[in-house]
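Undergrad: Chains D and B, in that order, are what the protein sequence lines are.
Residue numbers for the first sequence follow our numbering, beginning at 48 and rising by one.
Residue numbers for the second sequence follow our numbering, beginning at 3 and rising by one.
For each residue, glycine too, the CB sits at the ideal point set by N, CA and C.
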Amino acid sequence: MIAQNFEYTVATSLGEAVNLLQKHGGRAKILAGGHSLIPMMKLRLAAPETLIDIGRIPELSYVRRDGEAIHIGALATHHVIETSDVVSRHCLALADAAGLIGDIQVRNKGTIGGSIAHADPAADYPASILAFDATIVTLGPKGERLIPASKFFVDMLTTALEPNEIVREIQIPLRSGKIGSAYLKMAQKASGFAICGAAAVVELNESGALSNVAIGITGVGNHAFRATETEKALKGQKPARDILKTACEKAPAGVVALEDIHASADYRLDLTRIFARRAVEAAIERAG
Amino acid sequence: MPKRYVGQAMKRKEDPRLVSGTSTYVDDVVLPGMLHMAVARSIHGHARIKGIDTSRAQRLPGVVAVVTGEEVAAHCGPLPCAASIPNMKNAQRQLLAVGKVRFVGEPVAAVVATDKYIARDAADLIEIDYEPLPAVVNPEKAMEPNSPRLYDEFSDNIAFNFGFESGNTEEAFKKADVIVKERFVNQRLAPLSMEPRGVVATYQMPDNELVVWASTQVPHLLRTQLAVMLNVPENRTRVIAPEVGGGFGAKIDVYAEDGLVGYLAKKTGRPVKWIENRRENIAATIHGRDQIDDVELALKKDGTILGMRVKAIADLGAFYSLFTPMIPTLTGLLAPGCYKVPALKFDLVGVLTNKMATDAYRGAGRPEATYMIERIMDVAARKLEMDPAEIRRKNFPQPDEFPFQTSGGVVYDSANYEAALDRALQLADYKALRRKQAELRSQGKYMGIGLSSYVEICAMGPSAAMPGGGWETGSVRIERTGKVTILTGASPHGQGQETTFAQIAADEFGLEPDDVVTIHGDTARIPSGIGTFGSRATAVGGTAMYFAVQDLKEKMKKIAAHLLETTPDKIEFGVGKLVVKGDSGRFMSFTDVVDVAYNAVKLPPGVEPGLDATRFFEPSNFTFPFGTHVCVVEIDEETGEPKITKYVAVDDCGNVINPLLVEGQVHGGLVQGIGQALHEEVVYDENGQLLTGTLMDYAVPRAHDFPEFELDRTITPSPVNPLGVKGVGEAGTIGSTPAVVNAVVDALSPFGITHIDMPLRSEKIWKILKGRKAS
């Protein structure tokens, strides 16, 4: 498993990386942790002429909080996110997802920016990114751009990133009130990727009813999506098991499920219902 | 002298070099001027080769040579197959495809270049013009008369028919109160050693000696085969197996790349290296299993077995590797399992399909047998409303019936099956498990308990049953300083014989294990040998070594007796010394006796100098380890996912040299057997495309898939060898697979389920849960 020949350059800043991307005109790829790109290159499914390594830009692996949001630098590794106090306190589902990615070696090298830019339909993060209504901050030739998560994941391995744009940061809005979140998945036994992964973010009001529910699903369709029908059905409801169950029947509404040797479309659709409910239940448990 | 080391859980002598990363694997071998080989492989399951254009590859700077099928076939023999079945078709393969390709991954052309990157790029530049042909991947379809044929020269794809009957099955089935039947499929598996295959070869002046470093289980066998294949005198051929990172049977075979590397080293006069990558490993290293067994069992209503009929179809893949045709015949030998089956009819058809060849993979033909008998026993128990433990108990031969002649045609050496079953049930608290199961079922939860009582064939084996011989060699040399060097023809690659042989020799000589070094895996250092497979290294190789030790002990006793003025029969070994029996004040130190042997001045008349002995051990029979496993699963009633919550394994491998190593072997074996039950499967589509070509799609079991294994042993020594050992390398794999499937089927029995095919993916169980209501 040897990649084709390529040039390797190190960018010392994101701005420089954008310039290099422009210079190479589509024949270059950004390298961060390398855990999506390098395997594809070794299988010769990807053959960029040049790799622009942004992995050495020091100020991009932060996780911090200001008054309104959690800010996660594109180079934050899965391990950093899994073990971050800030993430665990405010967006635990994202820490759940990070902790379920690959193995410890992968989590020590792989980055959140690289993962979401790659947009594998079975990646773990997108479910949580969607459920938290995150914003993706990008840098391109025209400067910075804010892309809402709902617009970011466009198709299989395709995002709203422009050709010369790079993910700079993920912002997750802070919420007040009784908030809980969780991410659960059924892993494909070989790859560990999600056959179905569900992230739920719930907010309970004082009477214990669900004032807000957001559910992101990954692994099922061409790209991660929100279970909007279920969210609507649950809003304002007291979270009794039969109500959750009925509402989650609609979790896969509108999605065309993937089918491969690991799972049929029907199975993925049913797992969507099951994991949506389990994620909501786990999130409620944590909110309580 | 009491045993001080045999039976002790000693840490392995091998481990420090392994855990510190200081050992040498094939890929660590770097020679001056070494070239690197890459292989262009078939992308089709079945196609005619219309032309190969190597010109672009030849022109790439750094490329030294590009070779294709005709050239190599003119200079090298085909891939060897040591097994033979009467009237079998000769499905031999050339090192590089000539005329046709018959499976995805088949080598078509090879290139050597100055570095591995250039070699890989050059392989991509070789243009192969294919005319795709219809592929056959389903063995039953491949048997149909109008099926596309793999070999134009053969009338059909049926490689051979094999069968036997012992007892009168027709009568047995006529007399039966109950007949149960089921189809059991053993899916195709990839052996997946951690270290893939690899070869380095040099063939240089002044002696034109072919030296080959290979990740192999059988260096001597590989040496003979390469000498023949490459037309190099065998006494100018040397094979070195350095550290070998696992084999599981797949490194017994002689592969095209072994020959190609040797040929290219001869052709270029430079050392050549090839290291297999994981995709090649899954596509072009032998696969295991792939057998369909239609099984019928005839019983009396009290559960007594009267007879068994098996119709087996073995999917051999596209050609014969070293033992390919022989492996499924082993299923017939072991078909009765650990039960009295008075009448057995076994019919096997071997079929050629457009897939990689199958061959020995941990268990090799015996897991298929154990799976079918252990599954059909459960089917019968359910039909007769008997407890699965009781139907097994009812049919065991009793300890005093051994040696026990089976209807499979072998003689089981020794056993106490009931003791192992009872211990396993006790350890698992079987009755409490059944109570818990009933309680959970009333709550709509599905827990299952699976048993597997297995026996298997080890210590391979008598030469009459083994193509190429079943003996093994052991040479023991006591050095002038009193240190002991063992040379073994067995070629351990993870089994730990450097440790266990030292334990045995240390006890025999009254020395410490640190005084003993075991050398293996180099045909220039080890005079001859066969290798490590079929759980044979200790039982056969250890016994050869043990006899050589006895020869030296006898010689040392003669020397000591001469100097202590007594007779050899009065001398015994103590710790560090040879003592006159009953007179502990009269002794010579071990090293003093060694000095006399080498200084050769005070030797008794007729005794030659030196302390060096070699023995060949030819076993009189196989050995037959056995045991009972108990698996408990819980099924996620929504997703169908099975989770193993308890696993008990009681194994009997005869005498135990080192319990730590036995447990390690059992753990590894369980993981591979359970991996087959739950996850693993090599999948080809209808065109012969390999859909599980990487570890992103081929599911290897991982530590978190398992609970803590609860292990115990019973000990029934084997009478076949003086060590009383049976072998344990494959037992875990053979015993575990049916235990898991029996547990899952047991969990789902309220749905009327009697069988589910492996691997037991969650989705299969989900479908059952969705489709039916529990009765």
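Using the three-state DSSP reduction, which class does histidine 165 of chain D fall into: helix, strand or coil?
TA: Walking along the first sequence from the start, residue 165 of chain D turns up at place 118. Reduced to three states, the DSSP call for histidine 165 of chain D is helix.
Undergrad: Between the beta-carbon of serine 440 of chain B and the beta-carbon of threonine 171 of chain B, is there less than 7 Å?
TA: Here residue 440 of chain B refers to the residue found at position 438 when the second sequence is read from its first residue. Here residue 171 of chain B refers to the residue found at position 169 when the second sequence is read from its first residue. Checking the sequence, you will find alanine at residue 440 of chain B rather than serine. Against a cut-off of 7 Å, the Cβ pair of threonine 171 of chain B and alanine 440 of chain B comes out as no contact.
Undergrad: Of all the options B:Ser44, B:Thr534, B:Asp597, which has the alpha carbon lying nearest to the alpha carbon of glycine 463 of chain B?
TA: Here residue 463 of chain B corresponds to residue number 461 of the second sequence, with the count starting at 1. Considering only alpha carbons, the answer is B:Thr534.
Undergrad: Where do the ends of the alpha helix (DSSP H) carrying methionine 590 of chain B lie?
TA: What you label residue 590 of chain B is simply residue 588 of the second sequence in a count that begins at 1. No alpha helix (DSSP H) contains methionine 590 of chain B, which is instead part of the beta strand (DSSP E) from 585 to 591.
Undergrad: Rounding to the nearest angstrom, what Cα-Cα distance links leucine 37 of chain B and leucine 266 of chain B in this structure?
TA: Residue mapping note: residue 37 of chain B aligns to position 35 of the second sequence, counting from 1. Residue mapping note: residue 266 of chain B aligns to position 264 of the second sequence, counting from 1. Looking at the two C-alpha atoms, the distance is approximately 9 Å.
Undergrad: Who are the Cβ neighbours of glycine 339 of chain B in its own chain at under 8 Å, not counting the five residues just before and after it?
TA: Stepping through the second sequence from its first residue, residue 339 of chain B is reached at position 337. Only Ala371, Thr372, Ile375, Glu376, Met379, Ser455, Tyr456, Val457 meet the Cβ criterion.
Undergrad: Quick check on alanine 76 of chain B: buried or exposed, where buried means 16 or more other Cβ atoms within 10 Å of its Cβ?
TA: Taking the first residue of the second sequence as position 1, residue 76 of chain B is located at position 74. Exposed, because fewer than 16 other Cβ atoms sit within 10 Å of the Cβ of alanine 76 of chain B.
Undergrad: Is aspartate 289 of chain D buried or exposed, if buried means 16 or more other CB atoms sit within 10 Å of its CB?
TA: The count along the first sequence starts at 1 and reaches residue 289 of chain D at position 242. Looking at its Cβ environment, which holds fewer than 16 other Cβ atoms inside 10 Å, aspartate 289 of chain D is exposed.
Undergrad: Using a Cβ-Cβ cutoff of 8 Å, what residues of the region 117 to 135 of chain B are near chain D? List them in chain order.
TA: Those residues of the region 117 to 135 of chain B that come within reach of chain D (Cβ to Cβ, closer than 8 Å) are Lys118, Tyr119, Arg122, Asp123, Asp126.
Undergrad: In whole angstroms, what is the alpha-carbon distance linking serine 493 of chain B and valine 220 of chain B?
TA: On the second sequence, position 491 is the one that residue 493 of chain B refers to. On the second sequence, position 218 is the one that residue 220 of chain B refers to. Near 6 Å, if we compare the C-alpha coordinates of valine 220 of chain B and serine 493 of chain B.
Undergrad: Do glycine 410 of chain B and leucine 336 of chain B count as a contact pair if the criterion is CB distance below 7 Å?
TA: Along the second sequence, one-based indexing puts residue 336 of chain B at 334. Along the second sequence, one-based indexing puts residue 410 of chain B at 408. Going by C-beta atoms, leucine 336 of chain B is nearer than 7 Å to glycine 410 of chain B.
Undergrad: If you reduce the DSSP assignment to three classes, tell me which class phenylalanine 628 of chain B lands in.
TA: As a first step, residue 628 of chain B must be located in the second sequence, where it is residue number 626. Three-state DSSP puts phenylalanine 628 of chain B in a strand.
Undergrad: Would you kindly work out how many angstroms separate the C-alpha atoms of alanine 320 of chain B and valine 685 of chain B, rounded to a whole number?
TA: Your numbering for residue 320 of chain B matches position 318 in the second sequence. Your numbering for residue 685 of chain B matches position 683 in the second sequence. Rounded to whole angstroms, alanine 320 of chain B to valine 685 of chain B spans 15 Å at the Cα level.
Undergrad: When you compare the region 228 to 236 of chain B with the region 175 to 185 of chain B, are there three or more beta-carbon pairs, one atom per stretch, that lie closer than 8 Å?
TA: As far as the Cβ criterion goes, the region 228 to 236 of chain B does not touch the region 175 to 185 of chain B, which means the pair count is below three.
Undergrad: Which complete alpha helix (DSSP H) runs does the region 162 to 211 of chain B hold, if anything under 4 residues is left out?
TA: Fully enclosed alpha helix (DSSP H) runs of 4 or longer: 171 to 177.
Undergrad: How would you label glutamine 235 of chain D, buried or exposed, when you count the other beta carbons within 10 angstroms and need 16 or more for buried?
TA: In the first sequence, residue 235 of chain D corresponds to position 188, counting from 1. Result: buried.
Undergrad: For tyrosine 448 of chain B, count neighbouring Cβ atoms within 10 angstroms of its own Cβ and tell me buried if that reaches 16, exposed if not.
TA: As a working note, residue 448 of chain B is residue 446 in the second sequence. Answer is buried; the Cβ neighbour count reaches 16.
Undergrad: Find out if the Cβ-Cβ distance for the pair alanine 93 of chain B, leucine 423 of chain B is shorter than 7 Å.
TA: Numbered from its first residue, the second sequence carries residue 93 of chain B at position 91. Numbered from its first residue, the second sequence carries residue 423 of chain B at position 421. Not closer than 7 Å, so no.
Undergrad: Closer than 7 Å by beta-carbon distance: list the chain B residues that pair up with tyrosine 314 of chain D, in chain order.
TA: Taking the first sequence and counting its residues from 1, the one referred to as residue 314 of chain D is at position 267. Within 7 Å Cβ-Cβ: Glu765, Trp768.
Undergrad: Going along chain B, which residues have a C-beta under 7 Å from leucine 318 of chain D?
TA: Within the first sequence, numbered from 1, the residue matching residue 318 of chain D stands at position 271. Neighbours of leucine 318 of chain D on chain B, chain order: Thr641.
Undergrad: Within 10 angstroms of its Cβ, does threonine 121 of chain D collect 16 or more other Cβ (buried), or is it exposed?
TA: As a first step, residue 121 of chain D is located in the first sequence; it is residue number 74 there, counting from the start. In the sequence under discussion, the amino acid at residue 121 of chain D is alanine, which differs from the threonine named in the question. Buried, since its Cβ has 16 or more Cβ neighbours within 10 Å.
Undergrad: Please tell me whether asparagine 601 of chain B has its Cβ less than 7 Å away from any Cβ of chain C.
TA: Chain labels in this structure do not include chain C; the protein chains are D and B.
Undergrad: Is DSSP giving methionine 88 of chain D helix, strand or coil here?
TA: Here residue 88 of chain D refers to the residue found at position 41 of the first sequence. In this structure, methionine 88 of chain D counts as helix in the three-state DSSP scheme.
Undergrad: Looking at chain B, is there any beta carbon in it that lies within less than 7 Å of the beta carbon of lysine 279 of chain D?
TA: On the first sequence, residue 279 of chain D is found 232 positions in, with the first residue counted as 1. Lysine 279 of chain D does not count as touching chain B.
Undergrad: Rounded to the nearest angstrom, what separates histidine 522 of chain B and alanine 382 of chain B at their Cα positions?
TA: Counted from its first residue, the second sequence places residue 522 of chain B at position 520. Counted from its first residue, the second sequence places residue 382 of chain B at position 380. If you take the alpha carbons of histidine 522 of chain B and alanine 382 of chain B, they lie about 48 Å apart.
Undergrad: With distances taken between CB atoms, is the gap from glutamate 780 of chain B to arginine 395 of chain B smaller than 7 Å?
TA: One cannot answer for residue 780 of chain B here, as it falls past the ends of chain B, which runs 3 to 777.
Undergrad: By the criterion of Cβ-Cβ separation under 9 Å, what are the contact partners of leucine 697 of chain B in chain D?
TA: In the second sequence, the residue the question calls residue 697 of chain B occupies position 695. Ordered by position in chain D, the residues that pass the 9 Å Cβ test against leucine 697 of chain B are Ala237, Ser238.
Undergrad: Is valine 241 of chain B closer than 7 Å to valine 214 of chain B when the C-beta atoms are compared?
TA: The residue given as residue 214 of chain B occupies position 212 in the second sequence. The residue given as residue 241 of chain B occupies position 239 in the second sequence. Contact flag set, yes.
Undergrad: Quick check on the DSSP output: what are the complete alpha helix (DSSP H) runs of length 4 or more inside the region 679 to 741 of chain B, in order along the chain?
TA: Segments of the alpha helix (DSSP H) lying fully in the region 679 to 741 of chain B: there are none.
Undergrad: Once DSSP output is grouped into helix, strand and coil, what is the label at serine 777 of chain B?
TA: Sequence index remark: in the second sequence, residue 777 of chain B carries index 775 (1-based). The predicted model places serine 777 of chain B with a pLDDT of 46, which falls under 50 and marks its position as unreliable, so this point remains unresolved.
Undergrad: Determine the burial state of glutamine 293 of chain B: buried for a count of at least 16 other Cβ atoms within 10 Å of its Cβ, exposed for fewer.
TA: The count along the second sequence starts at 1 and reaches residue 293 of chain B at position 291. The residue in question, glutamine 293 of chain B, is buried, as its Cβ has 16 or more Cβ neighbours within 10 Å.
Undergrad: In chain order, what residues of the same chain have a beta carbon less than 7 Å from the beta carbon of isoleucine 755 of chain B, not counting five sequence neighbours either side?
TA: To locate residue 755 of chain B, count along the second sequence from 1; it is residue 753. Cβ neighbours of isoleucine 755 of chain B beyond the five flanking positions: Val747, Ile770.
Undergrad: Out of curiosity, what's the CA-to-CA distance linking alanine 285 of chain B and glutamine 691 of chain B?
TA: Stepping through the second sequence from its first residue, residue 285 of chain B is reached at position 283. Stepping through the second sequence from its first residue, residue 691 of chain B is reached at position 689. The straight-line gap from Cα to Cα measures roughly 10 Å.
Undergrad: Please name the residue in B:Arg425, B:Lys772, B:Phe619 whose C-alpha comes closest to that of glutamate 639 of chain B.
TA: If you number the second sequence from 1, residue 639 of chain B lands on position 637. Of the listed residues, the one whose Cα sits closest to glutamate 639 of chain B is B:Lys772.
Undergrad: On the DSSP letters alone, give me the boundaries of the alpha helix (DSSP H) that serine 493 of chain B sits inside.
TA: In the second sequence, residue 493 of chain B corresponds to position 491, counting from 1. Element bounds for serine 493 of chain B: n/a, residue is neither H nor E.
Undergrad: Would you list the one or two residues that DSSP bridges to phenylalanine 398 of chain B?
TA: As a first step, residue 398 of chain B is located in the second sequence; it is residue number 396 there, counting from the start. Phenylalanine 398 of chain B is not bridged to any residue.
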